[in-house]
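Colleague:
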Amino acid sequence: MLTRKSVTSVMLFVVLATALAACGPKGPTSVDVTLTEYTIEMSKISVPAGQLKFNITNTGSIVHELVLEPAGAVDSPLEANGTVAEVEDIEPGATVTLEWTIDTPGEYQLTCHLPGHYENGMVLPFTVTAK
Numbered sequence: 230m231l232t233r234k235s236v237t238s239v240m241l242f243v244v245l246a247t248a249l250a251a252c253g254p255k256g257p258t259s260v261d262v263t264l265t266e267y268t269i270e271m272s273k274i275s276v277p278a279g280q281l282k283f284n285i286t287n288t289g290s291i292v293h294e295l296v297l298e299p300a301g302a303v304d305s306p307l308e309a310n311g312t313v314a315e316v317e318d319i320e321p322g323a324t325v326t327l328e329w330t331i332d333t334p335g336e337y338q339l340t341c342h343l344p345g346h347y348e349n350g351m352v353l354p355f356t357v358t359a360k
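Quick note, the working numbering runs 229 ahead of the 1-based positions in the sequence shown.
1) Can you find the residues in the same chain that come closer than 6 Å, C-beta to C-beta, to residue 327, ignoring five residues on each side of it along the sequence?
2) What are the boundary residues of the beta strand (DSSP E) that residue 270 is part of?
3) Quick check: the Cα distance between residue 337 and residue 351, rounded to an integer number of angstroms?
4) Do residue 281 and residue 341 have their C-beta atoms within less than 8 Å of each other?
5) Give me the Cα-Cα distance between residue 307 and residue 279, rounded to the nearest whole angstrom.
6) So, for residue 349: in the same chain, excluding its five sequence neighbours on each side, which residues have a beta-carbon less than 7 Å away from its beta-carbon?
7) Less than 7 Å between C-beta atoms, sequence neighbours within five positions excluded: which residues of the same chain meet that for residue 294?
8) Buried or exposed: where does residue 276 fall if 16 or more other Cβ atoms within 10 Å of its Cβ makes it buried?
9) So, at 8 Å on beta carbons, what are the nonlocal neighbours of residue 409 in its own chain, with the 5 sequence-adjacent residues on each side left out?
10) Could you tell me how far apart the beta carbons of residue 324 and residue 285 are, in whole angstroms, since I believe they sit closer than 8 Å?
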């Protein structure tokens with residue numbers, strides 16, 4: 230038989246465990262990106278600093294790429310540890326993922342720099358906010 234003290238102890242444990250679980254590491258912020266001729270759409274145009282997971286789908290009829298770069302840059306992808314923030318040759322109908330960490334709040338953009346694509350409007354600015 231449970232005593233009032235043991236029931237109270239169990240309830241306290243459950244409350245503390247739930248509170249601590251909420252303080253644990255959070256996964257990446259997921260952002261859906263759609264590429265078509267000649268536009269880029271994002272499910273969110275403002276994201277918190279930290280890990281980002283771009284789920285990129287090419288719904289167009291031609292190959293595209295996705296480049297993550299500072300706002301106003303031209304074909305200058307972000308770089309970290311020898312890796313560049315871009316996905317090349319995204320075939321029509323394909324869905325790919327780009328995971329990247331942006332710790333510095335500011336203005337960024339997603340672009341496609343295949344010949345003629347950027348010039349025809351394949352650039353989308355977005356904001357990274359402080360955590």
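Backbone N, C-alpha and C fix where the C-beta goes; we use that ideal spot for every residue, glycine too.
Modeller: Looking at the coordinates:
1) Excluding residues within five positions, the ones whose Cβ falls inside 6 Å are 283 and 316.
2) Unbroken beta strand (DSSP E) run through residue 270: 268 to 271.
3) In a straight line, the C-alpha of residue 337 is about 14 Å away from that of residue 351.
4) With contacts defined as CB atoms closer than 8 Å, residue 281 and residue 341 fail to qualify as a contacting pair.
5) One C-alpha to the other measures close to 14 Å.
6) Same-chain partners within the cutoff: 267.
7) Within the same chain, residue 294 has close Cβ partners 315, 316, 317, 318, 319, 341, 342 and 343.
8) Under this definition residue 276 is a buried residue.
9) Residue 409 lies beyond the stretch modelled for the chain, which goes from 230 to 360, so this question has no answer here.
10) About 7 Å separates the two Cβ atoms, so the contact holds.
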